[in-house]
Each structure stands twice: as C-alpha cells, then as structure tokens.
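Encoded as structure tokens, the structure appears first; notes follow it.
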Amino acid sequence: MAQENGTALLEWEEVRQRVDALKDNVSRMAEYVKIGERRERLAALEELQASADFWNNQAKARETIAATNAERAYVVPYDALSKTVEDASVMLELAGAEDGEARQAALKDTIAECEKADAFFAKLRMQSLLGGKFDQCNVFVKLHAGQGGTEACDWVAMLYRMYQRYAESQGWKVEEYDVQPGEEAGYKDVYFRVEGPYSFGMLKAERGIHRLVRISPFDANKRRQTSFASMETVAEIDDDIDIEIKDEDLRIDTYRSGGAGGQHVNKTDSAVRLTHLPTGIVVACQKERSQHMNKEKAMNMLRAQLYEYYEDQKKAEMDRFYGAKSENGWGSQIRSYVFCPYTMVKDLRTGCETSDVNGVMDGNLQPFIEAWLQHQAIGG
C-alpha cells in the first residue's frame, strides 16, 4: 500500500488479487460441497413439502424437514458468498474507472465486501466439516468437577460461563436443567441444553477433560493449583427414534428445586432425578416449577444418553462417550488452561493454542473447535 500524509492508500492491483483469490475460493468450495447436487436435492425436498399430503406421515415429514434444513445450510451461505464476491468484483471495476478520493472510496467498499465474503466462506468451510448423523441437532451438556475439590467446582462454574458466552456468540439458546452446588463455591455438576443449528456438531469437539492451572483464590498462601473438570455432550434425538425405557429399570427421585430463597422459593418437590439402573446413567432437571414438566425434560435427556450408550455398545467403542471414560484428572486432559506462571490455552489433540486466556474464557472457542473438526476430517 502507498502512503499519503501518513495514511495508507489502497492499491487497485492489490485489491484485485484479493478479489481473484475469493473467486477461486468460490469455485473450489462449489466443487468441494457439490453445490449443484445440493441445489437439486433442496428443490426436490421443497417440492415435497409443498404437497397437500405432506403432513399425513408426521415422522416422514420431520425427516424431510431435517433433510431440507441440512441442504439449505450449505446452499444459503454459498449463494451469499457467491453474490458478495460478485459485488466486490463490480465495485473493483468501478474503482478502476475512478481516481483520487473516489477511487479510494470504491476500493474501501470493495475491501468491505471482501471481508463479508471471508465471513461467509469461513461459515461454509465450517459447515463442510459437520456431516455427522446428528451434527445438526441440539445438544445436552454435562459439566462435572474432577480432581481439585473446591477449585474443581469453581472451574466447572468458569467453564459453564465460557460455554454460555460461546453459545451467545453463535446465536444459540442455553437452557439450564440442573445444578449441584459445590460445598464452598461453584458447582459439582451442571446439566444444560443448548438449542441452535449444529450446536451438537460444534460442541462435541469440547467433550473430554479440561485442566486449569492458576493461583488459587481459595488458598491463603496463594499457591498454584491444578484442577480438572469433564465436559460431556449428547445429541438431542428425534422423537421417532425408539428407545425402550422399562419402568422397572428406572428409579425416580424428587427433591426441592434450588433457588435464591425468599417469597419465590419453590416449596414443592418439583425437581426430578432419573437413574437408569442397568446402565447407571443419571439425569436431572429442576428448571420447571412443574414436576411433570421436569420429568418430561429429564426423560428426553435420558433417551438421548441411552441412544448414544447403546450405539457405542454396537460399535464396541464404549470409551468414546461412556464406558471406559478417561479419569477426570492427571494425564487425561484434552486441553490445558494456564493462568500462571504464564498464560496459554493449548489443545493437546490438535496443537491449537493461544496466549489469550481471557478471550477463550469469554467464549472465543471457534479456533479450537474448527481445528478439531479439521483434525477429525483428515483422520485425526
């Protein structure tokens, strides 16, 4: 870039190279995601939805809607990317016909379109990595304190906040189901549901043991402490997937929901905890004031966990979600968060790292999630 009065001037040739690179990206992405085939499938699915008897078979209708949304999730951002690059190309031509301040203004507009295109391209690239059976689904998440006592409970609270911030950045909704407070601070366990497109596909990258190293705020001697917490995810499955839960296999406990107290405290045993005796899976919900609604939400979560449990049995890979889980402690972590003696967050599976610990704790998880998805895509 040239300089004039200390201000950087945009060069037409430099901007042209950026626009050309984006055009190449559009062509490669069209081939990579097979956009022509997806467009044809989307048109056929939309035609099905327009038929008069579409809702006669509700299970099939839901499958069709899910398939439609899956194709649209590729076609819509691709079309936005393509149009934005076309607009940038037109603005570049206009800039070539101008000079002076008018030329600079047109080039700035071109750069603005290029930045929009970069954002669409990043979204589409991420989308292309999410092809799992349930990646489009909502997700149930459980955070559990591991080794570290009060420190670990506080670490769970920090992770909960981090995932809430990440969900907010993605436009997702977080619904808290149940929390088990720690004795002094934080939480022993947190159950919550994240609702939003591809929330399971993204957050499954976070499943595993998370390790914290910091100066303990609970230690009068200000010693450095290491704490651990686990993060588990299961996809929220459709109602038409049949999971048998026998009454004799289920223990149902009710208890009083926690709260801040005062006149609004819940004085009835509306919270529900379900234990599936054959597997030992436990779920709980205390969000609603109605015991019936809490039980319904807990059953939905239990169905999702049992589905993955049984799928894992079929694949003989029990350690993937349950079974031989990694110990929630030393040597098992997927990621380390170091606050002292230096600042670093490093994912031990992919090597992705940053010194911006505070940014990560505020929900900037996308680089780690994308790195993991790419790692998986190439057989990591």
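Numbering (the numbering used here), first residue to last: 12 to 391.
Beta carbons are placed, not taken as given, at the ideal position from N, Cα and C, and that holds for glycine.
Given the structure is predicted, the values throughout are model-derived calculations rather than measurements.
Start-to-end residues for the alpha helix (DSSP H) that takes in residue 125: Run containing residue 125: 111-139, per the alpha helix (DSSP H) assignment.
Three-state class that DSSP yields for residue 329 in the structure shown: Residue placement at residue 329 is flagged as unreliable, the pLDDT there being 42, under the threshold of 50; the coordinate-derived value follows with that caveat. Residue 329: helix per DSSP, three-state reduction.
Local Cβ density within 10 Å of residue 230, reported as buried at 16 or more and exposed below that: Residue burial is scored here from C-beta neighbours: residue 230 has fewer than 16 other C-beta atoms within 10 angstroms and is therefore classed as exposed.
Beta bridge counterpart(s) of residue 187 as assigned by DSSP: In the DSSP output, where bridge partners are listed per residue, residue 187 has 203.
Three-state secondary structure (DSSP) of residue 282: Strand, per DSSP.
DSSP state of residue 363 mapped onto helix, strand, coil: Per DSSP, reduced to three states, the secondary structure at residue 363 is coil, with no helix or strand assignment.
Residue 383, buried or exposed, once every other Cβ within 10 Å from all chains shown has been counted against 16: The residue is buried, with at least 16 neighbouring Cβ atoms inside 10 Å.
Alpha-carbon to alpha-carbon, residue 129 and residue 154: The alpha-carbon atoms of residue 154 and residue 129 are separated by roughly 34 Å.
Integer-rounded CB distance, given that residue 344 should sit under 8 Å from residue 226: Contact flag wrong, Cβ pair sits at about 19 Å.
Same chain only: Cβ atoms within 8 Å of residue 438, ignoring 5 sequence neighbours per side: Beyond the ends of the chain as shown, which are 12 and 391, falls residue 438; an answer cannot be given.
Through-space distance from residue 361 to residue 386, alpha-carbon basis: A direct Cα-Cα distance of roughly 7 Å separates residue 386 from residue 361.
Residues bridged to residue 321 [DSSP beta-bridge criterion]: Looking at the DSSP output, residue 321 sits in no beta bridge, so it has no partner there.
Status (buried if at least 16 other CB within 10 Å, exposed otherwise) for residue 300: Looking at its Cβ environment, which holds fewer than 16 other Cβ atoms inside 10 Å, residue 300 is exposed.
Nearest-angstrom Cα separation, counted from residue 175 out to residue 370: Note on geometry: alpha-carbon atoms of residue 370 and residue 175 lie some 14 Å from one another.
Endpoints, beta strand (DSSP E) assigned at residue 237: Start and end: 235-246.
Same chain, Cβ closer than 7 Å to residue 289, neighbours up to 5 away in sequence not counted: Excluding sequence neighbours, residue 289 sits near 260.
8 Å CB neighbourhood of residue 2 in its chain, flanking five on each side removed: Any question about residue 2 goes unanswered here, given that the chain covers just 12 to 391.
Residue 123 to residue 104 span [Cα, whole Å]: About 15 Å.
Helix, strand or coil at residue 379 according to DSSP, with G and I counted as helix: Correct three-state label for residue 379: helix.
Buried or exposed (CB count within 10 angstroms, at least 16 for buried), residue 80: When all chains shown are included, residue 80 counts as exposed.
Residue 209 and residue 167 closer than 8 Å at C-beta: Their beta carbons are not under 8 Å apart, which means residue 209 does not touch residue 167 by this criterion.
Integer Cβ distance of residue 75 from residue 59, believed to fall under 8 Å: The beta carbons of residue 75 and residue 59 sit about 6 Å from each other, so the pair counts as a contact at 8 Å.
Residue 89 - DSSP class collapsed to helix/strand/coil: If DSSP states are grouped into helix, strand and coil, residue 89 belongs with the helices.
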